[in-house]
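For reference, the structure is listed below as structure tokens.
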Amino acid sequence: MLRFLMLSMALLTTTSSMAADFEVGDSVLALWAPDNAFFVGTIVERSTTGYSIVFEDGDTATVAAAQVRKNDIKVDSKVMARWKDGSFYPGTVAKVVGRALYIHYDDGDKGWAPWSWIAVK
Numbered sequence: 016m017l018r019f020l021m022l023s024m025a026l027l028t029t030t031s032s033m034a035a036d037f038e039v040g041d042s043v044l045a046l047w048a049p050d051n052a053f054f055v056g057t058i059v060e061r062s063t064t065g066y067s068i069v070f071e072d073g074d075t076a077t078v079a080a081a082q083v084r085k086n087d088i089k090v091d092s093k094v095m096a097r098w099k100d101g102s103f104y105p106g107t108v109a110k111v112v113g114r115a116l117y118i119h120y121d122d123g124d125k126g127w128a129p130w131s132w133i134a135v136k
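Encoded structure:
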């Protein structure tokens with residue numbers, strides 16, 4: 016019985032640590048369902064079912080808590096970044112300066128992108 020109780024407590028601790036608890040004003044990655052990708056946004060409201068998000072490009076959505084995660088994009092992160100033609104291409108973040116990211120695209124191109132041009136699959 017003690018072993019079962021310890022295992023249950025371990026599972027409960029693991030489950031609760033996986034579910035992030037975000038606050039209004041946090042910058043997060045949230046699922047934008049139409050593109051099935053995570054985009055950077057800010058939590059503007061919290062409810063029992065999830066979060067109201069204002070995405071960097073100005074779109075808004077209510078996103079289930081399970082579809083929101085920490086914005087952990089940093090140097091060496093793999094991302095999908097918009098290029099000058101408006102399409103998204105895979106690349107790696109090489110530099111972050113304030114609200115701009117310098118992307119090394121997988122095809123060899125390089126360039127700056129704002130947060131609104133960044134997605135994570």
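Going by this note's numbering, the sequence shown opens with residue 16, and the numbers climb by one from there. For every residue, glycine included, the Cβ atom is placed at its ideal position computed from N, Cα and C. Values in this document were obtained by computation on a predicted structure and should not be read as measured data.
Quiz item: Going along the chain, which residues of its own chain have a beta-carbon closer than 8 Å to the beta-carbon of Met95, five neighbours each way excluded?
Solution: Ala52, Phe103, Tyr104, Pro105, Gly106, Ile133, Ala134, Val135, Lys136
Self-check item: Unbroken beta strand (DSSP E) run spanning Lys99, endpoints
Solution: Lys99 -> no beta strand (DSSP E), and no H or E assigned at all.
Self-check item: Within 9 Å, strictly: CB atoms of Gly56 and Val69
Solution: yes
Quiz item: Under a three-way DSSP split, which group does Ser42 fall into?
Solution: strand
Quiz prompt | Through-space distance from Ala79 to Lys85, alpha-carbon basis | solution = 14 Å
Exercise. Evaluate Ala128 with the Cβ neighbour count: other Cβ atoms within 10 Å of its Cβ, from every protein chain shown; 16 or more gives buried, anything less gives exposed.
Key: buried
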